[in-house]
Amino acid sequence: MPFGTTEKCKACEKTVYFAEMVSADGVPFHKTCFRCSQCNGLLTNSNYSHLDGALYCKPHFEQTLKERGFTNKPNAGKFPMLAPSKLSHLFSGTQDKCSVCQKTAYPLEKLTVEGLSYHKSCFRCSHGGCFLTPSSYAALDGIVYCKPHFAQLFKEKGSYTNLNKTSSMKKIAAEALAAIPPPEAEPEAVGESKPEEESEVVEKDPTE
């Protein structure tokens, strides 16, 4: 099988085969090497957080943000951002769908983030809608944010649960609004007659 012959685990530098691989932002890991950069605890695709190339379990990610006020980049560069995995290029571009618009995402216009594919034009903050790049986003449970809004929401809500609820509610509201057809413009009235001015009545003197 060609899978795994060109992929090396970022943690141990040994060959990682498709069946035992976890990919974080295009960086391949063995499932047993996919660990929190703080406590070394095992991570999965559903319980890890990521910021500037560093992997965290949720408790240590939250602790790091609180300690540093989200001003410094925790462990930046420990797992440097790489180009999308070579493995992704073995598949036809027609099989990769953008997570946002569900249309085909070809390699030249595609970003792979948190195991999901995006068109570059669809890769936006889930809170404010601003455009994102691989170096300007923070992600939690597959939801992407720009760093300013992520910090703002984290400070306002104070926990992952509330932050996720806020994002989910905004997403549901946005989908509901998108489903409502725009109101039709009312046609302008043509040839509307202006109200007639009341005619002045002049009373005649009966003696005339």
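Numbering-wise, our numbering puts 208 at position 203 of the sequence shown, and it's gapless, one number per residue. A virtual CB, placed ideally from N, CA and C, is assigned to each residue, including glycine.
Let me know the secondary structure DSSP gives phenylalanine 136 once reduced to three states. In the structure shown, phenylalanine 136 falls within a strand segment according to DSSP collapsed to helix, strand and coil.
**Prompt:** What residues are listed by DSSP as bridge partners for alanine 156?
**Reply:** Paired residue(s): none; alanine 156 is not in a bridge.
Handout entry: Reference glutamine 43; option with closest CA among His55, His65, Asn52
Key = His65
Item to complete: Sort out for me which residues DSSP pairs proline 33 with in a bridge.
Response: Ser28
**OP:** Work out the CA separation of threonine 117 and tyrosine 111 for me, nearest whole Å.
**Re:** 11 Å
* At what residues does the alpha helix (DSSP H) containing lysine 15 begin and finish? -> That residue, lysine 15, is in no alpha helix (DSSP H); it is neither H nor E in DSSP.
Exercise. Which one of Lys152, Ser140, Pro139 has the shortest CA to CA distance from glycine 1?
Worked result: Since the first residue shown for the chain is 6 and the last is 213, residue 1 is missing from the structure and cannot be characterised.
Beta-carbon within less than 8 Å of lysine 19's beta-carbon, same chain only, minus the 5 sequence neighbours each way: which residues are those?
Lys13, His35
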